[in-house]
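S.K.: Can you keep this structure in mind? I'll have questions shortly.
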Amino acid sequence: MPPSLEAANVGKEVAARVGTNIREVRTKLGMTQAQLAAPEFSISYISAIERGKIRPSLKALSILARRLDVPLTFLLEGSPSGAAEARAVGYSPADSGPDQKIDVDLLQASVLVQQGAFEEAEQLLGPIQPERITTDQVYRLFLLRGQIHLGSNEFQEAVVDLRLAVTQAESLNDSEATERARNLLGRAYFMLYNYTLAVENHLRCNTAIENSQIHDPVFALEVYSNLANDYFRMGELEKAVTYYHRALEVFDDFNRDSKSFAQKYMEISQSYKAIGKLTMARDYAMRSLALYEMRDEQRLVGLTHQRLGKTLEAEKEYRQAIAIEQELNDAVSASTCHTSLAELLLKRGNLQEAEKEAQEALTFARASGDSQTQGQALIALAQLRHQTKDYAAADELFTQALELLDSSHAHEITAGAYFRYANLLEERGEVQRSLNAIKKAYEHQRQGKRGDSE
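Number 497 in our numbering belongs to position 390 of the sequence shown; there are no gaps in the numbering.
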């Protein structure tokens, strides 16, 4: 068989496979041919591809793959033999590399904008040609250019680029992208003293929030704040006050700590995934992950201060640890730090301060709902009652604490608590009860060594 005919037959096979793969992913996402086509292609073009009647260019396939949120290799190959067939007719997934580089450039430019390095961001975006990239990338390019102009006080130029960003987002049928660009466009008009156009754009953003098209609380805060400023400058003070209050109340049911933001962003990611907007789902999941990673690093710093405080018996280290854990809204870690500080103060004979720290520890422990943490806080209080010779109260607190620790399966910690109680009982001369506590301590030690979970 002549090579040209063989290549033609292989080309038909590739076109059929590509069409089948595109149709399969599109229908799974609940996307119509019209939604997949706009704005670069016609519905008839997408239909012809799906029926294997035409073989699209690599650039067209790259755009469709990005829109469907699947690797280009998936559309082309499907199997090792499919990869060979694709290469035989001139397709190479490696050719999609420049798109990935542009994505990295756009992401790095976003970070530079956040850092206020507008000149560096502009240099990074300079070589990118809008006619050679996907619609989504064009949107991000114009949005970033608009942000750079805003940061550089070039407000008229910002209006031009941000209007283009709005147009691109609308062509993508992406309401969140559209309103994010429109919010910045409103700010640009505000800086040009055109408050009528500023408020018009911000009110459209507000409508999207009220219609639950956008769920990001940080975006809502920006929009409400911008509207308040618009109305203030227009002399409509009553409306300004309304939006200032709305901006302050936006987090009434939302804890303003990184964990709550991370949880919220994960919820938003899941909602976008459910409706097939996978790019937005990925972006919010990345935000959530970044916040969790930041929390882990901060928590590690806090625990390092706590352990250093224990090692050096340094009150200052404990207080630094407490400040970090409270800022993280981490009830378990905060309680642990307060408990450790209470025990140090008790050891130094500072009973009043120790009592205060132990009560704080118990408050955080109860808020956490963690039995081990509650048990440890109660042990600190029990030791304080023993120190003041209120043995009845001490025994009651020890009983509560040990029951909680028994149920937590933290055998090493529970064994230590029983040994501590045994020593205090021996001090009182209650030998038999002390021996019973020691037996329980040894039992937990054995369970811990065996790795028992019951």
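Note that beta-carbon positions come from the ideal geometry of N, C-alpha and C, so glycine has one too.
Keep in mind that this is a model prediction, so the values were computed, not measured.
Quick check on proline 324: does DSSP put it in helix, strand or coil?
M.R.: Proline 324 falls in the helix class under three-state DSSP.
S.K.: For proline 200, is the classification buried or exposed, using 16 other Cβ atoms within 10 angstroms of its Cβ as the cut-off for buried?
M.R.: Any reading at proline 200 needs caution, since the residue's pLDDT is 48, under 50, leaving its predicted position unreliable; the model's value is listed next. Buried, by the Cβ-count rule.
S.K.: Can you list, in chain order, the residues of its chain with a C-beta nearer than 6 angstroms to that of glutamate 229? Leave out the 5 residues immediately preceding and following it.
M.R.: The residues are Ile255.
S.K.: Helix, strand or coil: which one does DSSP assign to asparagine 260?
M.R.: Looking at asparagine 260 - three-state DSSP - the assignment turns out to be coil, as it is neither helix nor strand.
S.K.: Contact defined as beta carbons within less than 8 angstroms: I believe serine 365 pairs with leucine 435. What is the distance between those atoms, to the nearest angstrom?
M.R.: At roughly 7 angstroms, the Cβ-Cβ gap stays under 8 angstroms, so serine 365 and leucine 435 are in contact.
S.K.: How long is the line joining the alpha carbons of alanine 438 and alanine 474, rounded to whole angstroms?
M.R.: Between alanine 438 and alanine 474, the C-alpha separation is close to 7 angstroms.
S.K.: Measure how close the beta-carbons of valine 357 and tyrosine 331 come, nearest whole angstrom, since I'm counting them as under 8 angstroms.
M.R.: Yes, they are in contact, since the Cβ atoms of valine 357 and tyrosine 331 sit about 6 angstroms apart, within 8 angstroms.
S.K.: When DSSP labels each residue in this structure, what does serine 478 get in the three-state scheme?
M.R.: Helix.
S.K.: Decide if alanine 288 is buried, meaning its Cβ has at least 16 other Cβ atoms within 10 Å, or exposed.
M.R.: Its Cβ being crowded by 16 or more others within 10 Å, alanine 288 is buried.
S.K.: Among the residues of its own chain, which have a CB less than 7 angstroms from the CB of aspartate 337, if the five just before and after it don't count?
M.R.: If we look at aspartate 337 and ignore the five residues flanking it on each side, its Cβ neighbours are Phe297, Tyr302, Ala305, Val306, His309.
S.K.: Please report the straight-line C-alpha distance between glutamate 227 and alanine 430, rounded to a whole angstrom.
M.R.: Rounded to whole angstroms, glutamate 227 to alanine 430 spans 36 angstroms at the Cα level.
S.K.: Assuming leucine 231 and leucine 219 make a contact with CB atoms under 8 angstroms, what is their CB distance in whole Å?
M.R.: Yes, they are in contact, since the Cβ atoms of leucine 231 and leucine 219 sit about 7 angstroms apart, within 8 angstroms.
S.K.: Isoleucine 240 to alanine 265, Cα distance in whole Å?
M.R.: For isoleucine 240 and alanine 265, the distance between alpha carbons rounds to 21 angstroms.
S.K.: Apply the 10 Å Cβ neighbour rule to aspartate 243 and answer buried if 16 or more other Cβ atoms are within range, or exposed otherwise.
M.R.: By the neighbour-count rule (16 or more Cβ atoms within 10 Å), aspartate 243 is buried.
S.K.: Would you call tyrosine 350 buried or exposed, if buried means 16 or more other Cβ atoms sit within 10 Å of its Cβ?
M.R.: Buried is the call here.
S.K.: Whole-angstrom Cβ separation of histidine 551 and histidine 518, contact assumed at under 8 angstroms?
M.R.: Histidine 551 to histidine 518, Cβ: 4 angstroms. Contact.
S.K.: First and last residue of the alpha helix (DSSP H) that includes arginine 377?
M.R.: Checking the sequence, you will find glutamine at residue 377 rather than arginine. Unbroken alpha helix (DSSP H) run through glutamine 377: 365 to 381.
S.K.: Suppose the cutoff is 7 angstroms on Cβ atoms and the five residues either side in sequence are ignored; what does the same chain contact list for aspartate 176 look like?
M.R.: If we look at aspartate 176 and ignore the five residues flanking it on each side, its Cβ neighbours are Leu385, Thr386.
S.K.: Quick check: what's the CA-CA separation for methionine 108 versus leucine 136?
M.R.: Only weak support exists for where methionine 108 lies, its pLDDT of 36 falling under 50; the value from the coordinates is given anyway. Roughly 41 angstroms between the two C-alpha positions.
S.K.: Would you identify the three-state DSSP class for phenylalanine 526, choosing helix, strand or coil?
M.R.: Helix.
S.K.: Counting only the same chain and skipping the five closest in sequence on each side, list residues whose C-beta sits under 6 angstroms from that of serine 259.
M.R.: Around serine 259: Phe225.
S.K.: Does the beta carbon of leucine 355 fall short of 6 angstroms from some heavy atom of the ligand NAP?
M.R.: The model on display carries no ligand, and the ligand NAP is accordingly not part of it.
S.K.: With a threshold of 16 other CB atoms inside 10 Å of the CB of alanine 449, please say whether the residue is buried or exposed.
M.R.: Per the 10 Å Cβ criterion, buried.
S.K.: Given that a residue counts as buried once 16 or more other Cβ atoms are within 10 Å of its Cβ, and exposed if not, what is arginine 294?
M.R.: Counting Cβ neighbours within 10 Å, arginine 294 comes out buried, since at least 16 surround it.
S.K.: Indicate whether the contact test is met: 3 or more Cβ pairs, each with one atom in the stretch 441 to 448 and one in the stretch 388 to 404, closer than 8 angstroms.
M.R.: These segments do not touch.
S.K.: Would you check if the stretch 508 to 516 and the stretch 470 to 488 touch, i.e. whether three or more CB-CB distances between them fall below 8 angstroms?
M.R.: They touch, by the three-pair rule.
S.K.: If distances are taken between C-alpha atoms only, which option among Ile235, Leu292, Ala284, Ser478 comes closest to serine 515?
M.R.: When only C-alpha atoms are compared, the closest one is Ser478.
S.K.: Across the stretch 389 to 396 and the stretch 411 to 422, are there enough close Cβ pairs to call them in contact, namely three or more that are closer than 8 angstroms?
M.R.: Too few Cβ pairs lie closer than 8 angstroms, so no.
S.K.: Helix, strand or coil for lysine 160, going by three-state DSSP, please let me know.
M.R.: Looking at lysine 160 - three-state DSSP - the assignment turns out to be coil, as it is neither helix nor strand.
S.K.: Assuming serine 515 is part of the alpha helix (DSSP H), what are its boundary residues?
M.R.: Note, serine 515: alpha helix (DSSP H), 498 to 515.
S.K.: Report the three-state DSSP secondary structure of asparagine 457 (helix, strand or coil).
M.R.: Of the three classes helix, strand and coil, the one that applies to asparagine 457 here is coil, per DSSP.
S.K.: Any idea if threonine 285 is buried or exposed, counting beta-carbon neighbours within 10 angstroms, 16 or more meaning buried?
M.R.: So threonine 285 ends up on the buried side.
S.K.: If you draw a straight line from the alpha carbon of alanine 524 to that of glutamine 481, how long is it in whole angstroms?
M.R.: One C-alpha to the other measures close to 13 angstroms.
S.K.: Measuring CB to CB, does serine 278 end up less than 7 angstroms from proline 146?
M.R.: Taking 7 angstroms as the Cβ cut-off, serine 278 and proline 146 qualify as a contacting pair.
S.K.: Quick one: grab the DSSP three-state call for serine 569.
M.R.: This structure does not reach residue 569, given that the chain is present from 108 up to 561, and the question cannot be answered.
S.K.: So, helix, strand or coil for asparagine 318, using DSSP?
M.R.: Coil at asparagine 318, not helix or strand.
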